[in-house]
Amino acid sequence: MSTFNISPRWTKPKLEWYKCNVDAAVFSHENCIGIGCIVKDEADQMVAAKNSKLRGDVDPVIAEAISCREALSWLKSLGFNKVVIKLDDQVVVQAKLGAKEDPSYFGSIIKDCIRIC
210 MSTFNISPRW TKPKLEWYKC NVDAAVFSHE NCIGIGCIVK DEADQMVAAK
260 NSKLRGDVDP VIAEAISCRE ALSWLKSLGF NKVVIKLDDQ VVVQAKLGAK
310 EDPSYFGSII KDCIRIC
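In this note's numbering, each residue carries its 1-based index in the sequence shown increased by 209.
Dropping the structure here:
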């Protein structure tokens with residue numbers, strides 16, 4: 210069973226846990242978003258990192274939600290199962306924590322995040 214927690218601020222992960230900082234950037238002029246993830250252990254040592262570009266012109270909140278979904282999927286594919294995700298966007302954090310039903314595109318991304326966890 211995987212355990213992923215979403216956190217709006219950085220704190221040192223517990224022993225045998227990892228911290229994944231996730232961020233997104235919108236490049237409207239290029240019609241794409243950039244995603245970056247870095248995973249550190251409890252000793253603050255980097256253990257994995259990823260960046261990618263995805264096509265699409267979306268607002269920053271959607272970009273952050275997409276970055277969360279991409280990070281969760283990537284972490285799961287690598288076999289990480291005790292991870293605290295650190296995001297900049299409070300809206301994404303609150304949506305994930307609240308897990309309320311939302312039929313919008315944003316809501317479907319959050320639903321994907323919950324499903325991955």
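Glycine included, every Cβ here is placed at the ideal spot set by N, Cα and C. Because the structure is a prediction, the values reported are computed rather than measured.
Check, Outcome
"Do L281 and I271 count as a contact pair if the criterion is CB distance below 9 Å?", "no"
"Exposed or buried, R278, counting other C-beta atoms within 10 Å across all chains shown (16 or more means buried)?", "buried"
"Quick check on E239: buried or exposed, where buried means 16 or more other Cβ atoms within 10 Å of its Cβ?", "exposed"
"Measuring CA to CA, which of K249, C322, S276 is closest to P222?", "K249"
"Applying the criterion that 16 or more other CB atoms from any shown protein chain within 10 Å of the CB defines a buried residue, is D253 buried or exposed?", "exposed"
"From R324, P312, N230, pick the residue whose C-alpha is nearest to that of K259; which is it?", "N230"
"Identify whether A272 lies in helix, strand or coil by the three-state DSSP scheme.", "helix"
"Leaving out five residues on either side along the sequence, give the residues of the same chain with a beta carbon under 7 Å from the beta carbon of S317.", "none"
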